[in-house]
Amino acid sequence: MSEIFSGISKIAYEGAKSTNTFAFKFYDAEKIVMGKPMKDYLPFAMAWWHNLCAAGTDMFGRDTADKAFGASEKGTMEHAKAKVDAGFEFMSKLGIEYFCFHDVDIVPEADDINVTNARLDEITDYMLEKMKETGIKCLWGTANMFSNPRFMNGAGSTNSAEVYCFAAAQIKKALELTVKLGGKGYVFWGGREGYETLLNTDMKFEQENIARLMKMAVEYGRKIGFTGDFYIEPKPKEPMKHQYDFDAATAIGFLRQYGLEKDFKMNIEANHATLAGHTFQHELRVSAINGMLGSIDANQGDYLLGWDTDEFPFDVYEATMCMYEVIKAGGLTGGFNFDAKNRRPSNTAEDMVYGFILGMDTFALGLIKAAELIEDGTLPALAEYYGVTLVTDAE
Ligand code: XUL
Ligand code: CO
């Protein structure tokens, strides 16, 4: 198999003064921070969909990037395998230990679910080989229940029994694949679980149906040996006008109402927090104080746009506050998945690498700054001066 990112060697740490654009300035995997190597705080993951599938298409224009990775035709099993080759080479060069995937990211979806499932079996065999070769692991898997037109009215909240059953079948397979790949988590992001108008929506019934689907997933997952966490990834809107998993507080209330709280945690995405009118830190704290801080989708939005722009994170203040919460909570059970993509003009293989260097460096610097905040004693001294208790020290 030929090298896909030829000309790019393994990305090394060179320090803040380095002018080498293909080097980390802050992410030094083995550097000890508060008694642990950086990489233990920051289990980074590559999102299969953005890095290997998304090629720049938006509602105003088609692909700008060539993500064929040497395959002669896109949307084929040859292309699916080329993505596996590209993905594992990419992760190895960046030192990324995990990946996350939706079922339909890893194979082209066929008209017949049995054909899709056979393709999924074949590609995951190939992924397993690569995982053994490289030591790279699966952070979480999920089923895409929002792209196919059948899900236009939702999956768990659909008005069609047939679509509901299809969603259940898709989750069953995605769970089996997650177990096969040793995934630590399984995500529910309810992109189309919501409504446009309440005049034609039975909200209670829809929420009960979503909970029922999750309950079946838990029962089946535990039966086939899935010992990891299920996650809800809250998001208030987009694509729907109103999504049921609005934010962490809403999702946690929902889980408690339906008796799902023992099996589920939160997968908090920075840009989704912003869309809900919260800070990233707020969503992390709400999850942490409820014992449900599971995993993170690391990205950022643009405060001037009300969209889910999924940018690679470069805001060090946000990353610092995030790492402050993560350290205080005793770490994540999951990891930091870069649910992030390059802008349309950043369309080269080199740009893919730059995006990840930026994101990894931002979180590494955030970790360093959060550790300073905790270790330099300023906050406890101020708290003592004013006679207050720091909430995260209260336990
Ligand atoms: C969409 C989003 C998803 C989930 C997985 O906004 O974040 O990619 O992370 O379905
Ligand atoms: Co996400």
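If you're matching positions, the sequence shown starts at 77 in the numbering used here and goes up one per residue. The beta carbon of each residue, even a glycine, is placed where N, CA and C say it ideally should be. As the structure is a prediction and not an experimental result, all values here were calculated from the model.
Identity of the residues DSSP links to residue i by a beta bridge
i: H155; result: Answer is none; H155 lacks a bridge partner.
i: I372; result: I344, F412
i: D305; result: G261
i: T424; result: DSSP lists no partner for T424.
i: H178; result: T218
i: V402; result: Note: V402 sits in no beta bridge, so no partner.
i: F120; result: F412
i: H318; result: Y271
i: G137; result: D134
i: V109; result: K112
i: A88; result: A99
i: W213; result: Reading off the sequence, residue 213 comes out as Lys, not Trp. According to DSSP, which records beta bridges pairwise, K213 is partnered with Y174.
i: E387; result: Q376
Environment of residue i [buried if 16+ CB atoms lie within 10 Å]
i: P310; result: buried
i: C241; result: exposed
i: G377; result: buried
i: L380; result: exposed
i: Y462; result: exposed
i: T350; result: buried
i: P389; result: buried
i: D384; result: buried
i: F414; result: buried
i: T254; result: buried
i: N220; result: buried
i: I108; result: exposed
i: L466; result: exposed
i: M316; result: buried
i: D323; result: buried
i: M114; result: buried
i: G431; result: buried
i: P225; result: exposed
i: R268; result: buried
i: N96; result: exposed
i: S233; result: buried
i: L62; result: Residue 62 lies beyond the residue range present for the chain, which begins at 77 and ends at 471; the question has no answer from this structure.
i: E471; result: The predicted model places E471 with a pLDDT of 48, which falls under 50 and marks its position as unreliable, so this point remains unresolved.
i: E460; result: exposed
i: E252; result: buried
i: F136; result: exposed
i: V239; result: buried
i: N33; result: The question about residue 33 has no answer here: the residues shown for the chain are numbered 77 through 471.
Short Cβ contact (8 Å threshold) for residue i with residue j
i: V294; j: D339; result: yes
i: G301; j: K260; result: no
i: H178; j: W125; result: yes
i: L274; j: T200; result: no
i: I308; j: M342; result: yes
i: Y174; j: T218; result: no
i: E337; j: I84; result: no
i: A416; j: E394; result: no
i: F145; j: I80; result: yes
i: G407; j: Y89; result: no
i: V362; j: A325; result: yes
i: K101; j: D452; result: no
i: F281; j: I212; result: no
i: A99; j: N423; result: no
i: Y202; j: G266; result: no
i: V429; j: L170; result: yes
i: A327; j: A346; result: no
i: L289; j: A237; result: no
i: S223; j: V180; result: yes
i: H318; j: Y271; result: yes
i: K143; j: L128; result: yes
i: G410; j: G435; result: no
i: A147; j: D139; result: no
i: G442; j: V392; result: yes
i: R420; j: D161; result: no
i: I344; j: I365; result: no
i: A440; j: Y103; result: yes
i: F306; j: F264; result: yes
i: F458; j: L449; result: As written in the sequence, residue 458 is Leu, which differs from the Phe given in the question. No, they are not a contact pair.
heavy atom of ligand 4 below 7 Å from residue i C-beta
i: E394; result: Ligands in the displayed structure: ligand 1 and ligand 2; ligand 4 is not one of them.
ask   = Would you call the stretch 312-332 and the stretch 392-410 touching, i.e. three or more CB-CB distances under 8 Å?
value = no
request  = Name all residues in chain order for which at least one heavy atom of ligand 2 lies closer than 5 Å to the residue's CB.
outcome  = E345, D373, D415
query = For the stretch 145-161 against the stretch 109-122, are there 3 or more C-beta pairs whose distance is under 8 Å?
reply = no
request  = Flag this pair as touching only if the stretch 204-212 and the stretch 236-250 have three or more C-beta atom pairs under 8 Å; answer yes or no.
outcome  = no
message = Any contact between the stretch 225-234 and the stretch 181-188? By contact I mean 3 or more CB pairs, one from each, below 8 Å.
response = no
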